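Accompanying notes for the structure given below.
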């Protein structure tokens, strides 16, 4: 009897263990295979499809046509809403899809095949689109119906991902309806003065905003941005450069739509309107020649050696000059500091000047920037950043024939109030080998910005 | 096919085994021969109210004719009907919520202090050892606790209180599980004072009644009793149930039409050829109970118990970030969303031709995750620490509640020679619940980010606002990582109670009172980017003192007829999730916090004769100052809004009737009815605030007066006939349900929602009126028998019993078990059909066959 009890008890324990093992093991779900595309083939170009449309009409596609294209714009930044834009080698078209997060399924670069039968062509203010039907609930304003989400897979087949369309480079005057829904790139453009530093869209009231983009060679186009766009609150740049965008129209109005602010590359100096803004300019012509440089806000401060920058004139051109020659100083350091520059209301600021050296034996002229110099008489106590500039050198006997331009030195990494300083470092000790007495001449110091 | 085979096989066993019928066992209600039927019901949410046993402590007085008190006079026809036949429609006794009933095992309360509900799942599958159950309805004398106003259940799982048995049983069903194997071994107390009990079961289904509802559950029970010196009985019981099952969604009528069945479940989709359910429920919360039962003398006992419960309960679901809603019944994906008839037809056709569109498309979710190479900057808040990889846009999240609970309770019982008994007790409950989310599956991606996408939408300029945890910003998450919300609710409760009852020749009387103190607070473990100052750390301490009292009198007309009147008054502390407006993100509380007050009275007449058993009860219960919080998307504010509702007053009154007439030794007829009226009798107050910034948008009134309490039919009727011959029995019953109301969306009953709508118009009535679900009926059948098997030429004799229960015999597929108006309303168009109600449908024909072999 006792033996049997033990048997039952042990089988009970075994049973308990089996139960524990059974409940402890949750089998992992098998995962579906990677998507490998479709073997469908297109039989119509997008240009061919577009040619079926008559402005203001709605056409239902009755044949088994298939177009193929690569997605050039999706809704990842919400500037394109409930639509994707696709493009093949002939043209582009906008497809209205009733869904959000479309970029997860059809990100930019996805090859898609669209089975057109039973889809509808139409235009929204002359912008040709593809949809699922026509909403005539407002008879005066019939509208394409976006393709409902449950129908995506029925009409749209995905091919490979990560194809990239190189935007077509065009000029303003080349923008025409055949480029609708195409990715275009336009060089040498900038925002109109009144539209610089403004937000792309109205993120607060969720309204679209048209900003004017101008070309250096004349002409303008709207850049339209939705208030729902993720970058709506970003500010438009002041500079000049290029823009990549999807071309769109609203009736006769030409519009560009960007996918993201990285489509706008404008860091150069402006070319239209008043051009660039001059923040500082000095040609020394109004200063008194052959005296210590003073006036126009300049600070002329000898650190060691007591030598001031001089104003000199040659051939009716005045300039600043400094040299350690004949000073007898074992070390000579002198600062020439521009008046304070405020960068708050400008962008893409550029510093330029020109120099000439004479009797070069190793003295150095350098240009520095500081944002914490207090304007006092001890500039060496502030923190200065050396700027990369081309400074004339190497004329061992006499002066060079030409002024050497410094190149455009970008100040865009600085903000707020700043100072620019020239710092001369030379020496005129007894030992000829330690003499560094190069003469530097400086002229046409200029800071411009947008 | 397989199911059919099993069914036929069981029927074959039942009818073809030629065996002699056993002499009648001690069974007084044949339909309860085996509780297998009951165990099935439990899994269908409604717990089977178990057999009511004769009160063991009944002590008769020798010198007077003692009339047994009615409250312990055996099983009640009404309660049986309610538990076995009304459950399909989610009938609730007197319309009360689950928190108004209480359950104790070995003296320890099994009610969760967070939501007040009994956690039936803790001992699911342990049917053999939960038979020793006592049920006290409503406001009665109670010798184990003060009790709640609804049912009070006491289960005695102590080893020495089980019947000696070695039993193996197998059940086959088409309900939540397909197979159940159960083994129970009980050794009653031996001469050394030891008793031992073991039970274990395994339940599983690849697919239950609803599509893709898999089921896998193992349960265990171990108990040892030791009789000590000085009349102490020391008991230790350990039990637990580990369960994982697929859940079923509520259903839109439109989806059901498209799917051509009400048995539609959008929670699943095919993955690698198999049905995968996104919404899985998991739980495993073992319980350890230690009880000391001290019989001080013949008339006095002191029972002291301590209980420990710990473990996790969770449910999974889809979570997504900056991606399309993956739920196939999202309103924009349904044909009705399309205004144009041609497009609507096209969508309808597409769904009908490809039913998978109505299911989760796992392939698409995986594709998206596998192609989303994204760069996250400043990972873990370290500047310059950027990580590039496949960022999951869809994941399976697991919402977890990990709780720990300790209960200590002590009950003293004594009886004076005068017939007066005194019972008193104290109890303490300490509970800590940890609520958090965990990544269950990245669905092909490499990481998820601990960001709040709703914050990103509303506060796009503040990059801190999107952080779910500012203490660990930009955290990348892998499988098993905790994320999102993470907080503790820590609660304590202490109570003391006393009861005096007198049992006299003609009159029984009792009075009882309870006083309790409880407190709780929230402790956040993460600093939410939206609520930097009130999400992390401890909230204030909420403290409540509550009182309760009850009294009753029973007049014994004679030994068979009784009249009784009971009344109760109590206050109840609000539950934490009715106080905290959005505990997931912050510790903001309702502006008006108050105890709920309940006044209840019931009166009844009982007639127990050899041929007729009858009970009729009338009750009237008044609830006032209830509280509730719900959170939902508000189209006008374009945000999730928290509706903090208070001053909820309700009245529940009605009649319960149960009658059993024994026509002949073979035939018995039963009938039962519950006719109630449960409604809100005032206008509730609501404070509406935004979930994202706690901005209080409105304080207003919900025009809720006379709206019906939903979630149960208010009228249910039962008529049955039972046949019994030897050990064969058969029960056939019909059940009819009326007055089942749809849960209403408070938003539609506010001043703002009705702006611009002309009162009295069809549109007005459509928005305002509450929907009455249609009258419905079911037919249930159960039968069973026991046989004695002779094996090996009658050397081994075993008893085999077989029971079959079939519910909804007519296979009515359109039984609405309940439903709710979606908590969303288009305030622009005021079109209620844009977000139509969702329904729960009851099962069509469902059965269970149980075979039990006594070894």
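Protein chains in written order, with my numbering: chain A, 1 to 450; chain B, 451 to 1305. Each residue gets a CB set at the ideal place from its N, CA and C atoms; glycine is no exception. Predicted model only: the values in this text are computed from it and were never measured.
* Should residue 37 (chain A) be labelled buried (16 or more other beta-carbon atoms within 10 Å of its own) or exposed? -> Translated into positions along the first chain, residue 37 (chain A) becomes position 37. The residue in question, residue 37 (chain A), is exposed, as its Cβ has fewer than 16 Cβ neighbours within 10 Å.
* Asked: Would a check of beta-carbon distances place residue 725 (chain B) closer than 8 Å to chain A?
  -> Counted from its first residue, the second chain places residue 725 (chain B) at position 275. It does not: the Cβ of residue 725 (chain B) has no partner Cβ on chain A nearer than 8 Å.
* To do: Consult DSSP for residue 142 (chain A) and reduce its assignment to one of helix, strand or coil.
  => Numbered from its first residue, the first chain carries residue 142 (chain A) at position 142. Three-state DSSP puts residue 142 (chain A) in coil, outside helix and strand.
* Asked: Does the beta carbon of residue 772 (chain B) come closer than 8 Å to any beta carbon on chain A?
  -> Here the question's residue 772 (chain B) lines up with position 322 in the second chain. Yes, residue 772 (chain B) counts as interfacial toward chain A.
* Identify the continuous alpha helix (DSSP H) that holds residue 803 (chain B) and give its terminal residues. => As a position in the second chain, residue 803 (chain B) is number 353, starting the count at 1. Boundaries of the alpha helix (DSSP H) around residue 803 (chain B): 791-803.
* Determine the direct distance from the alpha carbon of residue 805 (chain B) to that of residue 817 (chain B), and round the result to whole angstroms. => Residue 817 (chain B) sits at position 367 when you count from the first residue of the second chain. Residue 805 (chain B) sits at position 355 when you count from the first residue of the second chain. If you take the alpha carbons of residue 817 (chain B) and residue 805 (chain B), they lie about 20 Å apart.
* **Cβ neighbour criterion (16 or more within 10 Å) applied to residue 160 (chain A)** => By 1-based counting over the first chain, the position of residue 160 (chain A) is 160. Burial state of residue 160 (chain A) is exposed, judged by a 10 Å Cβ sphere holding fewer than 16 other Cβ atoms.
* With distances taken from CA atoms, which of A:360, A:84 and A:170 is nearest residue 146 (chain A)? -> Residue 146 (chain A) sits at position 146 when you count from the first residue of the first chain. Taking each of A:360, A:84 and A:170 in turn and checking the Cα distance to residue 146 (chain A), the smallest one comes out for A:84.
* To do: Could you work out which residue in A:360, A:428, A:345 and A:61 is closest to residue 329 (chain A) when comparing CA atoms only?
  => Taking the first residue of the first chain as 1, we reach residue 329 (chain A) at position 329. Just measuring C-alpha positions, the residue of A:360, A:428, A:345 and A:61 sitting nearest residue 329 (chain A) is A:428.
* Asked: Name the chain B residues that come within less than 7 Å of residue 34 (chain A), Cβ to Cβ?
  -> Here residue 34 (chain A) is taken as the residue at index 34 of the first chain, counted from 1. Correct list: 820.
* **Where the beta strand (DSSP E) containing residue 969 (chain B) begins and where it ends** => The residue you call residue 969 (chain B) lines up with position 519 of the second chain. Element bounds for residue 969 (chain B): 957-974.
* Pull up the CB-CB distance for residue 559 (chain B) and residue 879 (chain B), whole angstroms please, since I reckon it's below 8 Å. => To locate residue 559 (chain B), count along the second chain from 1; it is residue 109. To locate residue 879 (chain B), count along the second chain from 1; it is residue 429. With 8 Å as the limit, residue 559 (chain B) and residue 879 (chain B) qualify as a contact, their Cβ atoms being about 7 Å apart.
* Asked: Exposed or buried, residue 960 (chain B), counting other C-beta atoms within 10 Å across all chains shown (16 or more means buried)?
  -> Sequence index remark: in the second chain, residue 960 (chain B) carries index 510 (1-based). By the neighbour-count rule (16 or more Cβ atoms within 10 Å), residue 960 (chain B) is buried.
* To do: Below 7 Å between beta carbons is the criterion; list the residues of the stretch 774-785 of chain B that meet it against any residue of chain A, in chain order.
  => Listed by position, the residues of the stretch 774-785 of chain B near chain A (Cβ gap below 7 Å) are 774, 782 and 783.
* Got a sec: is the Cβ-Cβ distance from residue 218 (chain A) to anything in chain B below 8 Å? -> For the purposes of this step, residue 218 (chain A) is taken as residue 218 along the first chain, with counting starting at 1. So no, residue 218 (chain A) is outside the interface.
* Which runs of the beta strand (DSSP E) fall wholly inside the stretch 1137-1173 of chain B and span at least 3 residues, in chain order? -> The qualifying runs are 1146-1152.
* Please list the partners that residue 812 (chain B) has in chain A, where partner means a Cβ-to-Cβ separation under 7 Å. => Translated into the one-based positions of the second chain, residue 812 (chain B) becomes position 362. Against chain A, the beta carbon of residue 812 (chain B) has neighbours under 7 Å at 32, listed in chain order.
* Rounded to the nearest angstrom, how far is the Cβ of residue 385 (chain A) from that of residue 370 (chain A), given a contact under 8 Å? -> Position 385 of the first chain, counted from the start, is the residue given in the question as residue 385 (chain A). Position 370 of the first chain, counted from the start, is the residue given in the question as residue 370 (chain A). Contact flag correct, Cβ pair sits at about 7 Å.
* Extent of the continuous alpha helix (DSSP H) to which residue 1083 (chain B) belongs -> In the second chain, residue 1083 (chain B) corresponds to position 633, counting from 1. First-last for residue 1083 (chain B): 1062-1084, but that is the beta strand (DSSP E), not the alpha helix (DSSP H).
* **Three CB pairs or more closer than 8 Å across the stretch 220-238 of chain A and the stretch 251-263 of chain A** => Three or more pairs of CB atoms, one per stretch, sit closer than 8 Å, so the stretch 220-238 of chain A contacts the stretch 251-263 of chain A.
* Please state whether DSSP places residue 255 (chain A) in a helix, a strand or coil. => In the first chain, counting from the first residue as 1, residue 255 (chain A) sits at position 255. Note: residue 255 (chain A) maps to strand in three-state DSSP.
* Asked: Can you tell me the Cα-Cα spacing of residue 672 (chain B) and residue 612 (chain B), whole angstroms?
  -> In the second chain, the residue the question calls residue 672 (chain B) occupies position 222. In the second chain, the residue the question calls residue 612 (chain B) occupies position 162. C-alpha separation (whole angstroms): 12 Å.
* To do: Please determine if the stretch 925-937 of chain B and the stretch 948-966 of chain B are in contact, where contact requires at least 3 C-beta pairs separated by less than 8 Å.
  => With a cut-off of 8 Å, the stretch 948-966 of chain B and the stretch 925-937 of chain B do not count as touching, because too few Cβ pairs lie within range.
* Look at the Cβ atom of residue 1081 (chain B), then the Cβ atom of residue 1102 (chain B), and state whether they are nearer than 8 Å. => In the second chain, residue 1081 (chain B) corresponds to position 631, counting from 1. In the second chain, residue 1102 (chain B) corresponds to position 652, counting from 1. Against a cut-off of 8 Å, the Cβ pair of residue 1102 (chain B) and residue 1081 (chain B) comes out as no contact.
* **Element boundaries [alpha helix (DSSP H), containing residue 953 (chain B)]** => On the second chain, residue 953 (chain B) is found 503 positions in, with the first residue counted as 1. Where residue 953 (chain B) is concerned, there is no enclosing alpha helix (DSSP H), although the beta strand (DSSP E) it sits in stretches over 932-953.
* Asked: Whose C-beta lies closer than 7 Å to the C-beta of residue 1295 (chain B) among residues of the same chain, with five residues either side of it excluded?
  -> For this step, residue 1295 (chain B) is matched to residue 845 along the second chain. These residues qualify, in order along the chain: 1256, 1258, 1259 and 1261.
* Assuming residue 337 (chain A) and residue 365 (chain A) make a contact with CB atoms under 8 Å, what is their CB distance in whole Å? -> The sequence position of residue 337 (chain A) within the first chain is 337, counting from 1. The sequence position of residue 365 (chain A) within the first chain is 365, counting from 1. By a beta-carbon distance limit of 8 Å, residue 337 (chain A) does not contact residue 365 (chain A). Their separation comes to about 14 Å.
* **Helix, strand or coil at residue 1227 (chain B) according to DSSP, with G and I counted as helix** => Residue mapping note: residue 1227 (chain B) aligns to position 777 of the second chain, counting from 1. Correct three-state label for residue 1227 (chain B): strand.
* How many Å lie between residue 866 (chain B) and residue 604 (chain B) at the Cα? -> Looking up residue 866 (chain B) in the second chain gives position 416. Looking up residue 604 (chain B) in the second chain gives position 154. Whole-angstrom Cα-Cα distance: 24 Å.
* To do: Would you give the residue range spanned by the beta strand (DSSP E) that residue 1199 (chain B) belongs to?
  => On the second chain, residue 1199 (chain B) is found 749 positions in, with the first residue counted as 1. Membership of residue 1199 (chain B) in any beta strand (DSSP E) is not indicated, and neither H nor E is assigned to it by DSSP.
* Can you pull the chain A residues whose beta carbon is under 7 Å from the beta carbon of residue 816 (chain B), in chain order? => Position 366 of the second chain holds residue 816 (chain B). Neighbours of residue 816 (chain B) on chain A, chain order: 31 and 32.
* Asked: Got a sec, what are the start and stop residues for the alpha helix (DSSP H) residue 531 (chain B) sits in?
  -> For the purposes of this step, residue 531 (chain B) is taken as residue 81 along the second chain, with counting starting at 1. Residue 531 (chain B) -> alpha helix (DSSP H) spans 527-534.
* Asked: Skipping 5 residues on each side, what residues in its chain have a beta carbon closer than 6 Å to that of residue 901 (chain B)?
  -> Residue numbering aside, residue 901 (chain B) sits at position 451 when the second chain is read from its first letter. If we look at residue 901 (chain B) and ignore the five residues flanking it on each side, its Cβ neighbours are 916.
* To do: Answer yes if the stretch 832-841 of chain B comes into contact with the stretch 798-813 of chain B, meaning at least three C-beta pairs across the two stretches below 8 Å, and no otherwise.
  => No: the two stretches stay apart, fewer than three of their Cβ pairs being nearer than 8 Å.
* With 8 Å set as the bound, which would you pick, yes or no: does the beta-carbon of residue 149 (chain A) sit closer than that to a beta-carbon of chain B? -> Here residue 149 (chain A) corresponds to residue number 149 of the first chain, with the count starting at 1. Yes - at least one Cβ of chain B is within 8 Å of the one on residue 149 (chain A).
* Continuous beta strand (DSSP E) stretch holding residue 1189 (chain B): start and end -> Position 739 of the second chain, counted from the start, is the residue given in the question as residue 1189 (chain B). Bounds of the beta strand (DSSP E) holding residue 1189 (chain B) are 1178-1191.
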